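First the structure, in the form of structure tokens, and then the observations on it.
Residue numbers (the numbering used here): -5 to 458.
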């Protein structure tokens, strides 16, 4: 514990952890999100016409991705607990990279739908697995900024995807393939290569981290232990399972994520189409997505620094909800508005949505203590929360372009649900902290599982 009092040693340790964790996980998540959302770029480059897609066929191709993605998140985080993170994360990445390449080779809707299902199945484990791994290396109020840095890959991806798609569309006709096919093929090849390389770069769990010296590892484990105190859950038994499945915080965290992720996926999957309907060409629409997501990135990083410095989460989630709500109100009232005003509203929606989404992820992780509980909570929040992604994939209807009334109104409704869930969680945590201050939870120390309570331990205080 004496080493913890050495600011220089701690700073060096954190920098070392940052450099071994964040860059490799960031690149992996960037490509993961590109492979997930590049169908939006392919759409405006001719995919529906070449595959003879009609009506809501495109929405079906989006929808099927989320079915396995939701169902496999929690099992995946159980697996990564038993298998080395490098083996599991790199393996599934190579596999969904191959499936992405396949999307560029299909000749009918059935083939596209089948491969989208496979991409969803294999991608399911990467995002929650990365969050779980990151959360095990840092103290609670060190996590948010690093989590936002990692998550920024999903903000950069739509912007980079638009720029990359613009360039790849120029390959139209090469080897007899249309430009939209090259979007899938090239990005899929990059995913396979990075997935294979990452096997040798992804660190193990803190207690087995080979990039640390023995003294650094001891320092890291000591400071993590001081952050959790006696609030551990390292044994999985009937009592701990009951504590996990009956924890209302996990369900509220999932509602928060479900409400805001609809906004994120709506932007990632439909932003190029929305901008194109404003009167721009396909190429111009691709390029105009870039500043929207770059502004969202900068704003999200600023908020991440502020929320860690102030040790406060709730106010920042509601700030994001408020900003995005203003954007949706403008878009729902767009009749007669100038193109510039509608374009500005997209900045508000994207920035507000990403602020809330990243803080919501960090907030729930801050409220969980214990290997098993963090594993289940992160997977549940992201997995079942992605029901919002299913909704997003089915509410932006071509027949409603350019107003997209259903898309904007449903997204706004879910965003307000997110705000309500954030408020409920905040009230719950404040009340629970006060009860613990008054000693109303001390009776738990008399039970047989007093050493396996996790965040139910009376000494644990929740981030608010």
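Idealized CB from N, CA, C, for every residue including glycine.
Owing to the predicted nature of the structure, the values given are computational and were not obtained by experimental measurement.
Note to self: I need the DSSP call for residue 3, collapsed to helix, strand or coil.
What the structure shows: Here residue 3 is taken as the residue at index 9 of the chain shown, counted from 1. In the structure shown, residue 3 sits in a helix (DSSP, three-state: H, G or I).
Checklist line | Closer than 7 Å: residue 29 CB and nearest the ligand FMN heavy atom | finding: With respect to the ligand FMN, the structure offers nothing, as it holds no ligand at all.
Next item on the list: Would you give the residue range spanned by the alpha helix (DSSP H) that residue 122 belongs to?
Entry: Residue 122 sits at position 128 when you count from the first residue of the chain shown. Per DSSP, the unbroken alpha helix (DSSP H) holding residue 122 starts and ends at 120 to 129.
Next item on the list: Taking residue 56 as the reference, give the member of 285, 221 and 33 with the closest Cα.
Entry: Position 62 of the chain shown, counted from the start, is the residue given in the question as residue 56. The residue among 285, 221 and 33 with its C-alpha nearest the C-alpha of residue 56 is 33.
Item checked: Nearest-angstrom Cβ-Cβ length linking residue 352 and residue 142, presumed shorter than 8 Å -> Numbered from its first residue, the chain shown carries residue 352 at position 358. Numbered from its first residue, the chain shown carries residue 142 at position 148. With a Cβ gap of about 5 Å, residue 352 and residue 142 count as contacting.
Check: Which residues in the same chain have their Cβ closer than 6 Å to the Cβ of residue 385, if we skip the five residues on either side of it in sequence?
Finding: One-based indexing of the chain shown puts residue 385 at position 391. Correct list, in chain order: 256.
Next item on the list: Would you tell me roughly how many angstroms separate the C-alpha atoms of residue 147 and residue 23, rounded to the nearest one?
Entry: As a working note, residue 147 is residue 153 in the chain shown. As a working note, residue 23 is residue 29 in the chain shown. Whole-angstrom Cα-Cα distance: 6 Å.
Check: Nearest to residue 192 by CA position, among 451, 120 and 317, is which residue?
Finding: Indexing the chain shown from 1 puts residue 192 at position 198. Nearest C-alpha to residue 192: 120.
Checklist line | Where residue 32 sits in the DSSP three-state scheme | finding: Locating residue 32 in the chain shown gives position 38, counting from the first residue. Three-state DSSP puts residue 32 in a helix.
Margin query: Distance check for residue 448 and residue 362, CA to CA, integer angstroms please.
Written below: In the chain shown, counting from the first residue as 1, residue 362 sits at position 368. In the chain shown, counting from the first residue as 1, residue 448 sits at position 454. So the two alpha carbons sit approximately 7 Å from each other.
Margin query: Am I right that residue 188 and residue 25 are in contact with their C-beta atoms under 8 Å? What's the rounded C-beta distance?
Written below: On the chain shown, residue 188 is found 194 positions in, with the first residue counted as 1. On the chain shown, residue 25 is found 31 positions in, with the first residue counted as 1. With 8 Å as the limit, residue 188 and residue 25 qualify as a contact, their Cβ atoms being about 6 Å apart.
Checklist line | With 16 other Cβ atoms within 10 Å as the buried cut-off, status of residue 356 | finding: On the chain shown, position 362 is the one that residue 356 refers to. Buried.
Note to self: Given a cut-off of 8 Å on the beta-carbon distance, is the pair residue 31 and residue 159 in contact?
What the structure shows: Translated into positions along the chain shown, residue 31 becomes position 37. Translated into positions along the chain shown, residue 159 becomes position 165. No; because the gap between Cβ atoms is not below 8 Å, this pair is not in contact.
Notebook entry, point to check: With a CB to CB cut of under 6 Å and the five nearest residues on each side skipped, what residues in its chain are close to residue 305?
Noted result: Numbered from 1 along the chain shown, position 311 holds the residue referred to as residue 305. The answer, listed in chain order, is 135.
Next item on the list: Specify the secondary structure class of residue 90 as computed by DSSP and reduced to three states.
Entry: Locating residue 90 in the chain shown gives position 96, counting from the first residue. Reduced to three states, the DSSP call for residue 90 is helix.
Checklist line | Integer Cβ distance of residue 396 from residue 272, believed to fall under 8 Å | finding: Translated into positions along the chain shown, residue 396 becomes position 402. Translated into positions along the chain shown, residue 272 becomes position 278. Taking the Cβ atoms as the reference, residue 396 lies roughly 7 Å from residue 272, within the contact range of under 8 Å.
Note to self: Suppose the cutoff is 6 Å on Cβ atoms and the five residues either side in sequence are ignored; what does the same chain contact list for residue 398 look like?
What the structure shows: Taking the first residue of the chain shown as 1, we reach residue 398 at position 404. If we look at residue 398 and ignore the five residues flanking it on each side, its Cβ neighbours are 390.
Note to self: Helix, strand or coil, according to DSSP, for residue 487 in the structure here?
What the structure shows: No answer is possible for residue 487: the residues shown for the chain start at -5 and end at 458.
Item checked: The alpha helix (DSSP H) enclosing residue 361, as first and last residue numbers -> Within the chain shown, residue 361 is the residue found at index 367, counting from 1. That residue, residue 361, is in no alpha helix (DSSP H); it is neither H nor E in DSSP.
Check: Which residue's Cα is closest to the Cα of residue 375: 226, 178, 126 and 182?
Finding: On the chain shown, position 381 is the one that residue 375 refers to. Residue 126 is the option with its Cα nearest to residue 375.
Notebook entry, point to check: Would DSSP call residue 213 helix, strand or coil?
Noted result: Counted from its first residue, the chain shown places residue 213 at position 219. Here residue 213 sits in helix by DSSP.
Note to self: Once DSSP output is grouped into helix, strand and coil, what is the label at residue 17?
What the structure shows: Stepping through the chain shown from its first residue, residue 17 is reached at position 23. Helix, per DSSP.
Checklist line | Backbone secondary structure at residue 241 - three-state DSSP | finding: For this step, residue 241 is matched to residue 247 along the chain shown. It is coil, neither helix nor strand.
Notebook entry, point to check: For residue 194, is the classification buried or exposed, using 16 other Cβ atoms within 10 angstroms of its Cβ as the cut-off for buried?
Noted result: The residue labelled residue 194 in the question sits at position 200 within the chain shown. Flag for residue 194 reads exposed.
Checklist line | Chain-order list of residues whose beta-carbon lies under 8 Å from that of residue 436 (same chain, five-residue window excluded) | finding: The residue labelled residue 436 in the question sits at position 442 within the chain shown. The answer, listed in chain order, is 452.
Check: Given a threshold of 16 other Cβ atoms within 10 Å of its Cβ, counted over all protein chains shown, does residue 39 qualify as buried or as exposed?
Finding: Against the chain shown, residue 39 aligns to sequence position 45. So residue 39 counts as buried.
Notebook entry, point to check: Out of 102, 274, 317 and 458, which has the shortest C-alpha to C-alpha gap to residue 418?
Noted result: Reading the chain shown from its first residue, position 424 is the one you call residue 418. Closest by C-alpha distance to residue 418, out of 102, 274, 317 and 458, is 458.
Margin query: For the alpha helix (DSSP H) containing residue 72, name the first residue and the last one.
Written below: The residue labelled residue 72 in the question sits at position 78 within the chain shown. Start and end: 67 to 76.
Item checked: Assigned exposure category for residue 208 - 16 Cβ within 10 Å defines buried -> Counting from 1 along the chain shown, the entry for residue 208 is found at position 214. It counts as exposed.
Checklist line | Sequence-distant residues of the same chain with beta carbon closer than 8 Å to residue 402, five excluded per side | finding: Position 408 of the chain shown, counted from the start, is the residue given in the question as residue 402. Only 322, 325 and 326 meet the Cβ criterion.
Notebook entry, point to check: Exposed or buried, which one is residue 138 when buried takes at least 16 other CB atoms within 10 Å?
Noted result: For this step, residue 138 is matched to residue 144 along the chain shown. Residue 138 should be labelled buried.
Check: Whole-angstrom Cβ separation of residue 90 and residue 67, contact assumed at under 8 Å?
Finding: As a first step, residue 90 must be located in the chain shown, where it is residue number 96. As a first step, residue 67 must be located in the chain shown, where it is residue number 73. The Cβ separation is near 14 Å, so there is no contact.
Next item on the list: In the DSSP assignment, find the alpha helix (DSSP H) that holds residue 301 and state where it starts and stops.
Entry: Translated into the one-based positions of the chain shown, residue 301 becomes position 307. 276 to 304 is the extent of the alpha helix (DSSP H) around residue 301.
Checklist line | Touch test, the stretch 366 to 382 against the stretch 63 to 77, Cβ-Cβ under 8 Å, three pairs minimum | finding: yes
Next item on the list: Could you name the residues of the same chain whose beta carbon sits closer than 7 Å to that of residue 82, not counting the 5 residues immediately before and after it, in chain order?
Entry: Counting from one through the chain shown, the residue named residue 82 turns up at place 88. Excluding residues within five positions, the ones whose Cβ falls inside 7 Å are 73, 74, 119 and 123.
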